[in-house]
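Everything on this sheet refers to the single structure shown next.
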Amino acid sequence: MERFINRFWGDEDGNVTIDWIVLTAGIVMLGAAVMLAVGPTTQDLATGTTDKIDQIEMGI
């Protein structure tokens, strides 16, 4: 039993998985924050561009 406990405490295989989970969660949160910051401005820009294109008369 003592050997099992010592081996269990010394096993570090799961640490890399936890590191990747935390890193991935941070990247996802950063992406969400960027989308929240840039999203409304992008929508306004797209609406303005659409309005300008609609005003152009085609000479066909």
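Residue 572 is where the sequence shown starts when you use the numbering used here, and the numbers rise one by one after that.
Even for Gly, the Cβ is constructed at its ideal location relative to N, Cα and C.
Three-way DSSP call (helix, strand, coil) for D625 in this model: helix
M581: first and last residue of the uninterrupted alpha helix (DSSP H) it sits in: Here residue 581 is Gly; the residue named in the question, Met, does not match the sequence. Segment 573–581, the alpha helix (DSSP H) holding G581.
Rounded straight-line distance, which links the Cα of G585 to that of T620: 50 Å
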